[in-house]
Amino acid sequence: LPDITLLPAIAEALGIDINALFGVKSEAVTLPMSGGKPVADAPEVQDEEPEIIIAQEPEEEPEKTEEPTEPAEPEETKEPDDTEETEESGETDESEEPEEPEEPEEPETTTGQAQDEPELRDYNVENDLVVKCDINSAISGGDIIVDGNVYGDLTAGGDVTVRGFVRGNISAGGDVSVSGVVSGDISAGGDVMLGMTPEISEINAGGDATICGDLNGCLSVGGDATIKGTVRGQVNAGGDISVTGDVNGSANAGGDLSVRGAVNGSADAGYDVTVDGDITGSVSSGGDVTVRGTVRGSVDAGDDAGVMGDITGSLTAGGDLCVTGKITGSIDVDGSVIVTRENN
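To convert, note that position 162 of the sequence shown is 884 in this note's numbering; the numbers rise steadily by one, no gaps.
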């Protein structure tokens, strides 16, 4: 048989169009011309499928990204580093041991007075002073506010407020307010407010004074005085005096005097006196005297007197006397006497 590959050359020599001979133009040319090759080229069309597979391969790439995450080998390499670090940590531990004495910040967290006292500061300012820690002493031309304890003296041209105790003296041109115990003397141009019983000291206030505790020292105020405890010392007030406990010392009021306990000492008022307990001491007033207990001591009333108990001591009144108990003592009344029980 003749070699088919020679047909195109023979057809060209004879001037015959092979495509027209077979009835196929461009397509026929491409197909036969690819007789052996297109068959080989056909897989090229199939080669596009691996291109699709290649497009799928990036989906497998995240699996490859997981592979680098999986290798724990670098971590294993860190483990020997850790061992080295542990060896080094042993050295750092040795360095930390000397740091331990440096770390304790106990002076800031503890309230030990013995540790704090050597570090206490003294302040001297022209204007207001506000301190939120313990101090030794302070001088201010304005107000002083200490949110802590004071171990020394305080001097202020304005008010003094301490939310702790004060071991020294206090001098203020304005008010004084201390929530803790005051061991020294107090001098204030305004009011005085003490949250606890002061130690034996002298307190002078131009205004009112309130002590939430007992009075063991001497208190002198230009206004009213309120003692929420027992008076063992002395209280002098230009205004009224109110005592919720007993008066074992002396109480002198320019106004009224009210004692919810007993008067075992002396009580004197320019106006009325009211005693809820017994009187074993002496009571005198420029106005009325009302006793809801027994008079075992002496009572001197400038006006009327009323006793809801017995009178075993002495009583004088510039007005009337009303007694609901027995009179076994002595009485001297300018007005009338009313006794609701039989007089022995």
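Ideal placement from N, C-alpha and C gives every residue a C-beta, glycine not left out.
Alpha carbons only, please: which of the options is nearest the one belonging to residue i?
{"i": "D913", "options": "S1058, G1051 and D946", "result": "D946"}
{"i": "V969", "options": "D1000, S901, N858 and T1034", "result": "D1000"}
{"i": "G880", "options": "S899, T1046 and V957", "result": "S899"}
{"i": "I866", "options": "A878, G1031, Y873 and I908", "result": "A878"}
{"i": "D962", "options": "A735, T996 and D978", "result": "D978"}
{"i": "K1048", "options": "S988, A989 and M1030", "result": "M1030"}
{"i": "S942", "options": "G935, T952, D936 and V957", "result": "V957"}
{"i": "E921", "options": "V904, G987, S893 and G1019", "result": "V904"}
{"i": "S1020", "options": "G1041, C1044 and D990", "result": "D990"}
{"i": "A927", "options": "R889, T952 and V882", "result": "V882"}
Measure the CB-CB distance between residue i and residue j and report whether it falls below 8 Å.
{"i": "A959", "j": "A984", "result": "no"}
{"i": "S862", "j": "D850", "result": "yes"}
{"i": "G1015", "j": "G1035", "result": "no"}
{"i": "N891", "j": "D869", "result": "no"}
{"i": "R982", "j": "G971", "result": "no"}
{"i": "G944", "j": "G929", "result": "yes"}
{"i": "K950", "j": "I933", "result": "yes"}
{"i": "G1041", "j": "G1057", "result": "yes"}
{"i": "G679", "j": "F887", "result": "Any answer about residue 679 is impossible in this case: the structure gives the chain only from 723 up to 1066."}
{"i": "S1004", "j": "S980", "result": "no"}
For residue i, name the three-state secondary structure that DSSP assigns.
{"i": "L728", "result": "helix"}
{"i": "A733", "result": "helix"}
{"i": "E924", "result": "strand"}
{"i": "P760", "result": "Any reading at P760 is ruled out, since the residue's pLDDT is 46, under 50, leaving its predicted position unreliable."}
{"i": "T752", "result": "Legend: pLDDT at T752 = 46, less than 50; position of this residue unreliable, no value from coordinates given."}
Rounded to whole angstroms, what's the CA-CA distance from residue i to residue j? Just pull it up for me.
{"i": "V1059", "j": "S1006", "result": "19 Å"}
{"i": "V1055", "j": "S923", "result": "40 Å"}
{"i": "V1011", "j": "T1046", "result": "14 Å"}
{"i": "T1002", "j": "R885", "result": "39 Å"}
{"i": "Y845", "j": "G906", "result": "19 Å"}
{"i": "V1017", "j": "T919", "result": "29 Å"}
{"i": "T948", "j": "C855", "result": "30 Å"}
{"i": "G911", "j": "V995", "result": "28 Å"}
{"i": "L1037", "j": "Y993", "result": "17 Å"}
{"i": "N938", "j": "S964", "result": "16 Å"}
{"i": "A777", "j": "P730", "result": "With a pLDDT of 37 at A777, under the threshold of 50, the modelled position of that residue is not reliable, and the figure given next carries that caveat. C-alpha separation (whole angstroms): 42 Å."}
{"i": "G737", "j": "L728", "result": "14 Å"}
{"i": "V872", "j": "G935", "result": "20 Å"}
{"i": "V1024", "j": "V997", "result": "The amino acid at residue 1024 is misidentified as Val; the sequence shows Gly. So the alpha carbons of these two residues sit roughly 16 Å apart."}
{"i": "S893", "j": "N986", "result": "33 Å"}
{"i": "I857", "j": "D897", "result": "20 Å"}
{"i": "S909", "j": "A1039", "result": "38 Å"}
{"i": "G917", "j": "I1053", "result": "42 Å"}
{"i": "C1044", "j": "D1026", "result": "8 Å"}
{"i": "A973", "j": "D1022", "result": "15 Å"}
{"i": "V847", "j": "G895", "result": "15 Å"}
{"i": "A931", "j": "V852", "result": "24 Å"}
{"i": "I1033", "j": "C940", "result": "31 Å"}
{"i": "E841", "j": "T952", "result": "38 Å"}
{"i": "M915", "j": "G1008", "result": "29 Å"}
{"i": "R889", "j": "T1062", "result": "54 Å"}
{"i": "V1013", "j": "R843", "result": "53 Å"}
Is any non-hydrogen atom of the ligand SAM found closer than 7 Å to the C-beta of residue i, if you look at the structure I gave you?
{"i": "G983", "result": "Here there are no bound small molecules, and the ligand SAM is not part of this structure."}
Looking at chain B, is there any beta carbon in it that lies within less than 8 Å of the beta carbon of residue i?
{"i": "A1039", "result": "Looking at the structure shown, chain B is missing, and only one protein chain is on hand."}
Problem set entry | Secondary structure, beta strand (DSSP E): runs of 3+ residues fully inside the stretch 942–1025 | Runs found: 947–949, 956–959, 963–965, 972–975, 979–981, 988–991, 995–997, 1004–1007, 1011–1013 and 1020–1023.
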